[in-house]
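Chains as they are written, first to last, in the numbering used here: chain A, 183 to 533; chain B, 183 to 533.
For glycine and all other residues, C-beta sits at the position ideal for the given N, C-alpha and C.
Working notes, beginning with the structure itself.
And the structure:
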């Protein structure tokens, strides 16, 4: 049965606030593909298995004339994101049938069943010595978690984890980034305060060892930090009110690691922060980063360090997997609103 | 004539917005002092010569229950700030008559004619090998300028001034901090964009070599930076709108040095910044600092490096000197509003 459906999820229009399923992005199954005959022109044919749904995707749903770190989605074309696929045919000598491929930014996995790639530019063949499930490579071992290397780098850079560094605060703690940061901080012996947006997620924060956990929708971040702070490290995935609370609760020489600010992604005016004067009055540092600027530098050490910890269960992780490209649009909205249960993954197809 | 007036400037009430001369602070000449007879209890008697009026003083006019880097002024007591005095009598063996004394934060020069000090805690005897005028030590060589060491430190820390660092933007460029930073940046071969709030000040920015100068009250910062940027270093004395413009105009890996945010000092609600997402999307760093945390570490190298450059005229500087403690309250307001002409100094008395 070489002629099969090639379902796609298309970017259809630029949203104002939250993306609207069926309007911002649409599921489309009008295409077919002859997987045995389609011309590869020296490239290879990839069957998409699993796709990552991440907060940063909202930033790509913009007017393409606005420059940013990740390219804008193109109206009428399939979405792209990190993902894992398997090679079903190849004319490229560096890639063979059965290879599993992970994609980095820009030239990554399309939201469709099949895609033809020219070469491995911005893609990599996954080495899987511990036989981990493939979705692991877009969950705990996926793009977001490679952020941990930045954590590590910061830690080493100026001896942050001196005896004076005692307390870390992590927002979006149940997400793939936050949950890994929490576990690394606990390995370093820090007291960890962590927040999330549902009771389920707060339970997970306890499971992974955070010392102080709370639901920011029912407890005020500033109240928790007043009681449990001051904080020496703030890992920011949220911005806005959480960042304001963290600035007020920061210790002298506190370090803020700016990984994301989801509170502002769906607000065209941005979310104001009014107490930045803490940066100088407390001699704080803030460092922002984007994983794809560091990925090539850190990928090898990242997999070597983290894969065995994941395989042995020392690092815990949690995914919410939904089935089929039909679910992409709703899942994107859930991630923006924080109503997903854990790291969001679309299982597109079995091998 | 040993019995003389001891005029004082008292902190009288906590202001809401801008300080109000005669209400927030009041001039009071009801005291006298017998300079020949007053008991020193092993300390020394200092005659105040020159006092510094600085933006940060607004932050000390607060409810003392609110903690911050500089202690709150006490209602009913004289203001304090950096300054220079001369010893007129001493019972302390480490201090002799005729010594000139400079004060660091907390235990610094009172806004009154005479003050008795117990010891040199947080004070230092000024070494003046180049016979510079005493006000120089609270102007270009005063507290604010010691910030340059932080600039230097940042510069060295990660090779900021690599070949990729081309453009710096400095706000409050005509002030003692900004004007020194501009001149140091020019020594390093950078293109310097600088802003100030009056035509006189903008003229001074030209005099000291800034490449692009503008009055932020008549030109929009964001327009200037769009044309002249992107910027690799932002030296922030202002916060608010200037900081937002700098975030939008920053280059990837830009460095923000957070020295002050005067735009918010007189606004009880703070000034919002809405585009902090640039910190992660552009991998920016922001470092805040307060001079008194570094002063002891850097004071010697600072004076050794800068004094000859000032003495030879290689580093230019400008002060606005007003005469007498009666002028303190108005001058404080002028500095908060930016209507002063240059670094604000009160000449209290001749030797």
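In terms of CA proximity to residue 272 of chain A, A:226 leads the group A:256, A:230, A:226, A:246.
Residues are counted here when their Cβ sits less than 9 Å from a Cβ of chain A; for the region 487–500 of chain B the count is zero. Look at residue 440 of chain B: its C-beta is under 8 Å from a C-beta on chain A. Chain-ordered listing is empty here: chain B has no CB closer than 7 Å to the CB of residue 263 of chain A, the nearest sitting near 17 Å. Beyond the five residues adjoining it in sequence on each side, residue 228 of chain B comes within less than 8 Å, by CB distance, of 267, 268, 269, 270, 283, 291, 296, 297, 298, 299 in the same chain, given in chain order. Chain-order list of chain B residues neighbouring residue 454 of chain A: 454, 455, 456, by C-beta distance under 8 Å.
The region 439–452 of chain A makes contact with the region 227–243 of chain A: 3 or more CB pairs, one atom from each, lie closer than 8 Å.
In this structure, residue 353 of chain A sits away from residue 467 of chain A, with a CB-CB distance that is not shorter than 8 Å.
Contact annotation: residue 322 of chain A and residue 362 of chain A have beta-carbon atoms nearer than 8 Å. Annotation for residue 198 of chain A: no beta strand (DSSP E) segment contains it, and DSSP assigns it neither H nor E.
Restricting attention to B:186, B:371, B:366, B:377, the CA atom closest to the CA of residue 347 of chain B is found in B:371.
Annotation for residue 216 of chain B: the continuous beta strand (DSSP E) segment containing it runs 214–216.
Here residue 240 of chain A carries a helix assignment [DSSP, helix/strand/coil]. The CB of residue 312 of chain A never comes closer than 9 Å to any CB in chain B; the least such distance is about 31 Å.
Distances from the CA of residue 396 of chain A to each of A:509, A:381, A:389, A:409 were compared; the closest alpha carbon is that of A:381.
According to DSSP, residue 350 of chain A shares a beta bridge with A:374, A:415. The Cβ atoms of residue 351 of chain A and residue 413 of chain A sit closer than 8 Å to each other.
Counting only the Cα atoms, residue 264 of chain B lies some 27 Å from residue 453 of chain B. Residue state for residue 270 of chain B is assigned as strand, using DSSP reduced to three classes. Following the DSSP letters along the chain, one finds residue 234 of chain B in no alpha helix (DSSP H) but inside the beta strand (DSSP E) bounded by residues 226–235.
Taking a C-beta cut-off of 8 Å against chain A, none of the residues of the region 193–225 of chain B qualify. Within the DSSP bridge table, the entry for residue 504 of chain B names B:528 as partners. At a cut-off of 8 Å between beta-carbon atoms, residue 421 of chain B makes contact with chain A. For residue 320 of chain A against residue 527 of chain A, the beta-carbon gap comes to about 6 Å, under 8 Å, which counts as contact. Against chain B, the CB of residue 511 of chain A has no partner CB under 8 Å away; the residue lies outside that interface. Of the candidates A:522, A:521, A:524, A:507, A:507 places its Cα closest to the Cα of residue 294 of chain A.
Taking 8 Å as the threshold, the shortest C-beta distance from residue 464 of chain B to chain A falls below it.
A direct Cα-to-Cα measurement between residue 515 of chain B and residue 489 of chain B gives close to 30 Å. About 6 Å separates the CB atoms of residue 440 of chain B and residue 469 of chain B; that is less than 8 Å, so the two are in contact.
Residue 230 of chain A is classed as buried because its beta carbon has at least 16 other beta carbons within 10 Å across all chains shown. The three-state secondary structure of residue 283 of chain B, taken from DSSP, is strand.
Below the 7 Å Cβ cutoff, chain A contributes 462, 463, 465 as neighbours of residue 472 of chain B, in chain order. Taking a C-beta distance under 8 Å as the contact criterion, residue 192 of chain A and residue 214 of chain A do not qualify as a contact pair.
Classified as exposed, residue 495 of chain A has fewer than 16 neighbouring CB atoms from the shown chains inside 10 Å of its CB. Beyond the five residues adjoining it in sequence on each side, residue 465 of chain B comes within less than 8 Å, by CB distance, of 434, 435 in the same chain, given in chain order. Counting only the Cα atoms, residue 510 of chain A lies some 11 Å from residue 210 of chain A.
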